[in-house]
Every structure is written in C-alpha cells, then in structure tokens.
Amino acid sequence: MADEVILLDFWCSMFGMRARIALSEKGVQYEYREEDLTNKSPLLLEKNPVHKKIPVLIHNGKPVCESLVILQYIDEVWPEKSPLLPSDPYQRAHAKFWADYIDKTVYDCGKRIWSTKGEEQEAAKKEFIEIFKVLESELGEKPYFGGDSFGFVDVALIGFYSWFPAYETFGNFSIEAECPKSIAWAKRCLQRESVSKTLPDSKKICEFVVEMKKMFGLE
Ligand code: GS8
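Numbered per my numbering, the sequence shown spans residues 54 to 272.
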C-alpha cells in the first residue's frame with residue numbers, strides 16, 4: 054500500500070518550509086494542507102495537542118511534530134535519495150548542533166526586527182548580523198553547511214532567506230552588505246528546485262508582516 058503523507062503547514066512558515074524542502078528532495082508525494090492559524094483545524098489540534106503548531110507531518114495516520122524532528126524522520130524513512138544528515142555519528146551531532154543554534158537564535162531575533170522599534174530594534178539588527186557572522190564562520194569556504202552537498206543545516210536555515218526582505222524593509226538595513234557570504238550561500242541553495250519551488254514570494258511575506266503588525270497593533 055502506498056504511503057499516505059499529509060503535511061499540515063502555513064505558507065510562510067520557515068519551519069514548514071523545512072518539511073516541504075525535505076519531502077521534495079526525497080521525491081515524496083504528499084498532500085499539503087494549509088492551516089488557518091487563527092482558527093486551527095481539529096486535525097491540527099488532535100495531531101499536535103502539546104504545541105498546537107504547524108508543521109505536522111502525518112505519515113499513515115501517525116503524527117510527527119517539530120520541524121527538526123520531522124526532517125530527521127523524513128531522512129530516516131526515505132534514506133535512498135538526497136541524504137540530509139551525515140552517516141558519521143560525530144558529523145550528525147555537529148549538524149544537529151548547528152540546526153539547534155539556528156532554532157535558538159534566528160527566528161526570535163528576526164521577529165524582534167520587524168516587531169519592535171528604536172533601541173530594541175537596533176539591538177535586534179546587530180544581533181541578527183552577529184548570528185549570521187557566526188553561521189558564516191561555520192560555513193567557511195564550503196558551498197553548503199553540509200559540505201559539498203545540500204544537507205540538514207541548509208534545509209533548516211534556507212527558509213529564513215525568504216524573510217530577509219521583510220527584515221530589511223522593516224529594519225531599514227541591508228543584510229547583504231554585512232553578510233555577503235550568507236547571501237551567496239542562499240543563492241546557491243536557490244538553484245535547487247526543492248528550494249526555489251518552496252520559498253514563497255518575499256513581497257507577499259512583506260505584505261503579510263504589514264498585516265501582522267496591524268493585527269498586533271504595532272503600527
Ligand atoms: C516551531 C513551529 C512554529 O513556530 C518547529 O516546528 O520547529 N519549534 C517549532 N509554528 C508556528 C508557525 S511559524 O511561526 C505556529 O504554528 N504557530 C501557531 C501558534 O503559535 O499558535
């Protein structure tokens with residue numbers, strides 16, 4: 054029997070993008086279900102009762118939650134094509150460390166750039182550049198964080214690139230001017246179909262941010 058794979062997601066979620074890119078890399082057919090996060094579906098609440106967040110991958114009825122857990126699951130269930138995590142235990146641990154670093158830093162800092170003003174925003178912008186400098190030192194001269202091939206850390210990070218214009222517009226700064234290596238890496242990733250067809254139009258993300266700022270009374 055064919056696998057039934059459903060992804061509960063939200064179009065501009067960088068966490069959801071991770072799952073979409075990984076499924077595409079593996080050539081897995083799946084049903085995409087867009088969630089309304091202001092009115093979550095009974096299925097989302099049933100399948101992720103702890104966090105009630107997307108993305109949720111439902112494989113033959115069984116849910117897997119948390120995007121990095123989903124990535125590892127996808128890599129283990131469909132190992133034949135495009136391995137994402139290295140096979141060496143030390144290299145695996147290394148990749149997971151960097152994905153965890155991304156999770157602990159980039160999202161919150163990016164959000165502070167578009168949702169705050171004044172000193173708080175200036176501090177967030179400075180911190181954002183510092184985070185990407187650290188990531189650039191890890192990237193070094195490699196084409197991808199995974200080395201010569203696109204891997205776990207690349208998948209974990211690339212979705213944030215679609216938010217860069219929003220951070221730059223609302224933060225009034227240029228990420229490229231400060232972190233050209235990160236931009237070059239992102240452009241390399243975008244040459245992959247899995248990435249180019251997944252990342253949403255950054256203009257739409259900017260419009261979405263305008264709506265969110267209105268919704269949260271930030272304007
Ligand atoms: C984060 C998922 C998340 O924040 C992961 O999967 O890696 N650590 C998790 N999902 C958000 C949408 S993206 O900002 C979400 O579902 N929010 C709904 C809510 O908080 O109610």
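Ideal Cβ placement from N, Cα and C applies to all residues, glycine included. All values derive from a computational prediction rather than experimental measurement.
Give every residue whose Cβ lies closer than 5 Å to any heavy atom of the ligand GS8, listed in chain order. The set of residues with any CB-heavy atom separation to the ligand GS8 below 5 Å comprises, in chain order, Ser66, Phe68, Leu90, Lys106, Ile107, Glu119 and Ser120.
Buried or exposed, going by whether 16 or more other CB atoms sit within 10 Å of the CB of Leu210? Here residue 210 corresponds to residue number 157 of the sequence shown, with the count starting at 1. By the C-beta density criterion, Leu210 is buried, having at least 16 other C-beta atoms within 10 angstroms.
My guess is that Val208 and Ala75 are in contact by the Cβ rule of under 8 Å, so how many angstroms apart are they, rounded? By one-based count along the sequence shown, residue 208 stands at place 155. By one-based count along the sequence shown, residue 75 stands at place 22. That pair is a contact at about 6 Å.
Going by CA-CA distance only, name the one from Lys105, Ser135 and Gly199 that's closest to Trp151. Locating residue 151 in the sequence shown gives position 98, where the first residue counts as 1. Of Lys105, Ser135 and Gly199, the residue nearest in Cα terms is Gly199.
With burial defined as no fewer than 16 other Cβ atoms inside 10 Å of the residue's Cβ, what is the status of Asp89: buried or exposed? Numbered from its first residue, the sequence shown carries residue 89 at position 36. Asp89 should be labelled exposed.
For Ile166, which option in Glu246, Phe181 and Phe185 has the closest C-alpha, if you only look at C-alpha atoms? Residue 166 sits at position 113 when you count from the first residue of the sequence shown. Measuring from the Cα of Ile166, the nearest candidate turns out to be Phe181.
Sequence ranges, beta strand (DSSP E) only - wholly within the stretch 91-169, length at least 3: Restricting attention to beta strand (DSSP E) runs no shorter than 3 residues, the stretch 91-169 encloses them at 109-112 and 115-118, ordered along the chain.
Same chain, Cβ closer than 7 Å to Phe203, five either side skipped, listed in chain order: Taking the sequence shown and counting its residues from 1, the one referred to as residue 203 is at position 150. Counting only Cβ-Cβ distances below 7 Å, and skipping sequence neighbours, we find Tyr197, Cys242 and Arg245.
Would the beta-carbon of Gly163 fall within 7 Å of that of Ile107? In the sequence shown, counting from the first residue as 1, residue 163 sits at position 110. In the sequence shown, counting from the first residue as 1, residue 107 sits at position 54. Going by C-beta atoms, Gly163 is not nearer than 7 Å to Ile107.
Return helix, strand or coil for Asp62, following the three-state DSSP convention. One-based indexing of the sequence shown puts residue 62 at position 9. Asp62 falls in the strand class under three-state DSSP.
Is DSSP giving Glu272 helix, strand or coil here? Reading the sequence shown from its first residue, position 219 is the one you call residue 272. Residue state, collapsed to three classes: coil.
Drop a sphere of 10 angstroms on the beta-carbon of Ala219, count the other beta-carbons inside from all chains shown, and report buried for 16 or more, exposed for fewer. Against the sequence shown, residue 219 aligns to sequence position 166. It counts as buried.
Excluding five sequence neighbours on each side, which residues of the same chain lie with their C-beta closer than 6 Å to the C-beta of Gly114? The count along the sequence shown starts at 1 and reaches residue 114 at position 61. Answer for Gly114: no residue qualifies.
Taking the C-alpha atoms as reference points, what is the distance between Phe185 and Leu271? Numbered from its first residue, the sequence shown carries residue 185 at position 132. Numbered from its first residue, the sequence shown carries residue 271 at position 218. Rounded to the nearest angstrom, the two C-alpha atoms are 26 Å apart.
Closest by CA to Tyr160, which one among Ala146, Tyr143, Trp216 and Val122? Counted from its first residue, the sequence shown places residue 160 at position 107. Checked all of Ala146, Tyr143, Trp216 and Val122; the closest Cα to Tyr160 is Trp216.
Contact defined as beta carbons within less than 8 Å: I believe Arg30 pairs with Ile123. What is the distance between those atoms, to the nearest angstrom? There is no way to answer for residue 30, as the model of the chain reaches only from 54 to 272.
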